[in-house]
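If you number the sequence shown the way our numbering does, the last residue is 422 and the count never jumps.
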Amino acid sequence: MTPSAPTVVSPRRVAVIGGGPAGLMAAERLAAGGVQVDVYDAMPSVGRKFLLAGVGGMNITHSEPIEPFLQRYGAQHSWLQPLIAAFPPDALRAWIHELGIDTFVGTSGRVFPREMKAAPLLRAWLQRLRQAGVNLHARHRWLGWAEDGSLRIASPDGEMNVKADAVVLALGGASWSRLGSDGAWVPLLQQRGVAITPLQPANSGFEVAWSKILRDKFGGHPLKTVALAHTGLDGVRHYKQGEFVITEHGVEGSLIYAFSRAIREQINATGQANIEVDLLPGRNLERVQQELAVPRGAKSVAAHLQSKTGLTGVKTALLWEVLSREQMHDMDQVARAIKALPLTLTGTRPLDEAISTAGGVALDAVDEHLMLHAAPGIFVAGEMLDWEAPTGGYLLTACFATGRAAGDGALSWLRRGA
5 MTPSAPTVVS
15 PRRVAVIGGG
25 PAGLMAAERL
35 AAGGVQVDVY
45 DAMPSVGRKF
55 LLAGVGGMNI
65 THSEPIEPFL
75 QRYGAQHSWL
85 QPLIAAFPPD
95 ALRAWIHELG
105 IDTFVGTSGR
115 VFPREMKAAP
125 LLRAWLQRLR
135 QAGVNLHARH
145 RWLGWAEDGS
155 LRIASPDGEM
165 NVKADAVVLA
175 LGGASWSRLG
185 SDGAWVPLLQ
195 QRGVAITPLQ
205 PANSGFEVAW
215 SKILRDKFGG
225 HPLKTVALAH
235 TGLDGVRHYK
245 QGEFVITEHG
255 VEGSLIYAFS
265 RAIREQINAT
275 GQANIEVDLL
285 PGRNLERVQQ
295 ELAVPRGAKS
305 VAAHLQSKTG
315 LTGVKTALLW
325 EVLSREQMHD
335 MDQVARAIKA
345 LPLTLTGTRP
355 LDEAISTAGG
365 VALDAVDEHL
375 MLHAAPGIFV
385 AGEMLDWEAP
395 TGGYLLTACF
405 ATGRAAGDGA
415 LSWLRRGA
């Protein structure tokens, strides 16, 4: 803090730190409650990660029934249940419709804006926030607290101190730091005595020790219409169909992300994780064995596989990667590998590459209104909290729900102190 840093004082004022979905939802609830709201974001504009996440199609939530929906949050589902119950997927869709954005349910049950883009939704939302009196401050980075308890904010005009009656922190996790989620808040909260569960990658890729040939020729190739099986530390085996991508370093993509938590925990515990890939999930083992048992004559192994099973390209390359040359000439072993190709994952890709973050502010460090026990008047929302979810709309739903809860919690706290 510089001695000349100006101090901004305003009655019944709430500062929201972070302009992602959780922070903006908290700001909307606070403004509706009649307080002055200032949103501070370190990036040149708010919603940067939200916009990038919507580039390939803005998956806003999911349409499945609420009980299986909640189970997607794993061990944290019971903690999140009342927050999501207060703003469930149907209510989130209705809220989007109020912004003038239509939605539809895709074949997978995922919910998308009609235009499949995040930008129109964000523009409509920001317009409504501005009309409600919310002040948005871009290029304003939170640096912590001054000695008098005010917020230290680095702005384009220099550092300033901001006095607020309550604060909502919605700074994200620590993935995609180039978009503002850099985890710099961790030591600031630890200094205040807030318990933090170590941040880890969620919805991340994993490392595989590919051969140079596979890396060079098939790095970046998608594996479509496959299934993945994995047995977790609890001994439960899960099987799911989908697709993922072979990368230079290993594997990533939606099917991998669906198993991300269990695979990460196994690597943390044992140093590696084993998965099995079903390259032909539409056929059982007996059928594949029968198809490959037909004599191949003068055909090469690759030609025989293609003519009898349709396997080509990266799928065939994976068989050669895992099986020896001798095994590749044993069609029974090839058939078994096609239905359960073993891959060993040796590590998790770096945190900054992950789609989202596990860990964060411990759930017992906040009360039912998401206020920090160690810092009354300071509320936490979104990925800063210690929960995680797979892709498919679950991440955004919980960010919106916790943002709403933090905004309502701050209003309630202000009213109690009035």
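The beta carbon of each residue, even a glycine, is placed where N, CA and C say it ideally should be.
For K228, the enclosing beta strand (DSSP E) stretches over residues P226 to T235. Taking the Cα of D45 as reference, the smallest distance to any Cα among S185, Q270, K228 and S304 is reached at S185. Under the DSSP assignment, H101 falls in the alpha helix (DSSP H) whose first and last residues are P93 to E102. Beta-carbon to beta-carbon, L237 and F248 are separated by about 22 Å, too far to satisfy the 8 Å threshold. Under the three-state reduction of DSSP output, T352 falls in the strand class. Three or more beta-carbon pairs drawn from the region 59 to 68 and the region 102 to 119 are found closer than 8 Å, and the two stretches are therefore classed as touching.
It is roughly 31 Å from the alpha-carbon of L376 to the alpha-carbon of I267. When beta bridges are read from the DSSP output, N63 appears opposite no residue.
Per the DSSP secondary-structure output, L389 pairs in a beta bridge with V365.
In this structure the region 271 to 280 touches the region 337 to 353; the number of beta carbon pairs closer than 8 Å is three or more.
In this structure, DSSP gives S208 a state outside helix and strand, which the three-state scheme calls coil.
The C-alpha of L415 is placed about 28 Å away from the C-alpha of I105. In this structure, DSSP gives D334 a state outside helix and strand, which the three-state scheme calls coil. At a Cβ-Cβ threshold of 8 Å, G246 and A262 count as neighbours. When DSSP states are grouped into helix, strand and coil, F263 belongs to the coil group. The C-alpha of Q131 is placed about 19 Å away from the C-alpha of R118.
Counting every other CB atom within 10 Å of its CB across the protein chains shown gives D152 a total below 16, marking it as exposed. In the structure shown, A136 falls within a coil segment according to DSSP collapsed to helix, strand and coil. Taken atom to atom, the span from the alpha-carbon of K228 to that of A307 is near 20 Å. G381 and G38 have their alpha carbons spaced roughly 17 Å apart. Each of Q40, L283, R287 and R329 was checked against the Cα of V305, and the nearest Cα belongs to R329.
Beta-carbon to beta-carbon, L400 and T65 are separated by about 6 Å, close enough to satisfy the 8 Å threshold. Three or more Cβ pairs drawn from the region 200 to 216 and the region 250 to 257 lie within less than 8 Å of each other, which places the two stretches in contact. Distances from the CA of A358 to each of V384, S264 and G223 were compared; the closest alpha carbon is that of S264. Taking the Cα positions, L418 is about 20 Å away from A369. As a beta-bridge residue in DSSP terms, R114 pairs with H66. The region 165 to 177 makes contact with the region 13 to 31; the number of CB pairs closer than 8 Å reaches 3 or more. Under the criterion of beta carbons closer than 8 Å, A30 and V172 qualify as touching, at roughly 4 Å. In the three-state DSSP reduction, I359 falls in the coil class, being neither helix nor strand.
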